[in-house]
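Reading through the structure tokens given below for one structure.
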Amino acid sequence: MDAFIKRYGNCNPNEADVIVAIGGDGFMLETLRAYMGGDTPIYGINCGTVGFLMNPQDLDGLGDHIEAAEPAVIHPLVMTAKTVTGESISAMGINEISLFRQTRQSAHVRLHVNGEVRMEKLICDGVLLATPAGSTAYNLSAHGPILPINARMLALTPISAFRPRRWRGALLPHDASVTFETINPEHRPVSAVADNEEVRNVVSVTAQEDRKTSMTLLFDRGHSLDERILREQFDY
């Protein structure tokens with residue numbers, strides 16, 4: 650980071666034409682959350698490990714890369730979690746909204762889509778709802794489908810499902826409202842996580858895409874998010 654600042658200088662992000670995030674995917678998510686709702690595009694430089702949301706390092710060509718970069722517009726998920734104490738907590742997830750069992754007891758979850766029960770009881774370690782941008786993250790590790798960045802869809806994916814044993818999840822339209830209802834939450838406590846913000850002991854979680862909030866990522870030509878998502882599906 651110091652080398653880039655020495656070469657190009659630094660300024661207040663509120664005065665910038667482009668915000669340059671230098672780090673890994675975790676730092677990019679932090680940056681997106683910090684400037685969510687603004688209209689300043691963000692260009693990432695990978696100094697981490699995976700760097701799926703980042704661009705390769707090139708100290709000498711930063712200006713040219715930004716000038717020629719291709720934009721990708723993404724939308725977050727918003728969740729409203731209700732706890733056993735009656736609290737209602739809202740949070741945003743750029744990658745996914747996830748539910749996890751809190752103890753050795755498996756989670757028992759009832760799934761509602763647009764107000765209709767679609768699965769009476771999912772017995773699992775957890776379940777998640779992923780955006781296209783997040784479909785190559787935890788969703789992919791849980792054997793969920795990869796979604797093209799411009800797909801108007803969400804991935805509903807179980808995490809280590811025990812029953813139904815062969816259920817692999819579902820693809821939902823982007824405007825679907827999903828409610829996860831925990832069954833017997835006192836005996837089988839469940840937590841909800843929006844990216845890295847956790848709410849414990851939930852009784853229900855409603856999640857849906859927030860189309861009013863958008864974020865613009867910039868990617869080098871030939872290194873676009875669409876291209877990387879395509880490559881992931883062929884494992885190269």
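The numbering of the sequence shown is my numbering, which starts it at 650 and goes up by one.
Quick reminder that beta carbons are idealized off the backbone N, C-alpha and C, glycines included.
Please read all numbers here as calculations on a predicted model, not as lab measurements.
In terms of residue numbering, what span does the beta strand (DSSP E) encompassing residue i cover?
{"i": "Ile654", "result": "Where Ile654 is concerned, there is no enclosing beta strand (DSSP E), although the alpha helix (DSSP H) it sits in stretches over Asp651 to Tyr657."}
{"i": "Phe676", "result": "First-last for Phe676: Asp674 to Ala683, but that is the alpha helix (DSSP H), not the beta strand (DSSP E)."}
{"i": "Gly742", "result": "Ser737 to Gly742"}
{"i": "Ser747", "result": "Glu745 to Arg750"}
{"i": "Thr729", "result": "Leu726 to Thr732"}
{"i": "Thr865", "result": "Met864 to Phe868"}
{"i": "Asn695", "result": "Ile691 to Asn695"}
{"i": "His757", "result": "Ala756 to Val762"}
Since residue i is in the alpha helix (DSSP H), which residue starts that stretch and which ends it?
{"i": "Gly793", "result": "Element bounds for Gly793: n/a, residue is neither H nor E."}
{"i": "Leu702", "result": "Note, Leu702: premise wrong, no alpha helix (DSSP H); not H, not E."}
What does the Cβ neighbour count give for residue i, buried or exposed, with the cut at 16 atoms within 10 Å?
{"i": "Thr806", "result": "buried"}
{"i": "Phe701", "result": "buried"}
{"i": "Gln857", "result": "buried"}
{"i": "Pro725", "result": "buried"}
{"i": "Gly686", "result": "exposed"}
{"i": "Phe883", "result": "exposed"}
{"i": "Cys660", "result": "exposed"}
{"i": "Tyr657", "result": "exposed"}
{"i": "Gly712", "result": "exposed"}
Helix, strand or coil: which one does DSSP assign to residue i?
{"i": "Phe631", "result": "With the chain covering 650 to 885 only, the question about residue 631 has no answer from this structure."}
{"i": "Asn663", "result": "helix"}
{"i": "Gly712", "result": "helix"}
{"i": "Ala721", "result": "strand"}
{"i": "Arg933", "result": "Residue 933 lies beyond the range of the chain shown here (650 to 885); nothing can be said about it."}
{"i": "Lys861", "result": "coil"}
{"i": "Arg767", "result": "strand"}
Using a Cβ-Cβ cutoff of less than 6 Å, which residues in the same chain neighbour residue i once the five nearest sequence positions on both sides are dropped?
{"i": "Asn744", "result": "Gly783, Ala786 and Asp844"}
{"i": "Phe749", "result": "Gly775 and Ser840"}
{"i": "Met650", "result": "Ile671"}
{"i": "Val722", "result": "Ser863 and Thr865"}
Can you give me the Cβ contacts of residue i inside the same chain, cut-off strictly under 7 Å, excluding the 5 residues immediately before and after it?
{"i": "Trp816", "result": "Pro807 and Ala810"}
{"i": "Val762", "result": "Leu821, Ala825 and Val827"}
{"i": "Ala652", "result": "Leu708"}
{"i": "Thr698", "result": "Gly673"}
{"i": "Phe868", "result": "Asn704, Ala718, Glu719, Ala721 and Leu874"}
{"i": "His823", "result": "Arg801, Met802, Leu803 and Glu858"}
Using a threshold of 6 Å, is the CB atom of residue i nearer than that to any non-hydrogen atom of the ligand GTP?
{"i": "Pro781", "result": "As for the ligand GTP, it is missing from this structure, which has no ligand bound."}
Tell me which residues share the same chain as residue i and place their Cβ nearer than 8 Å to its Cβ, disregarding the 5 neighbours each side in the sequence.
{"i": "Glu835", "result": "Val733"}
{"i": "Leu678", "result": "Leu702, Ile743, Asn744, Asp844 and Asn845"}
{"i": "Ile832", "result": "His757, Val758, Arg759 and Lys770"}
Checklist entry - If you scan the stretch 774–859 from start to end, which runs of the beta strand (DSSP E) of 3 or more residues do you find wholly inside it? => result 775–779, 802–808, 819–822, 827–831, 839–843, 846–848 and 851–858
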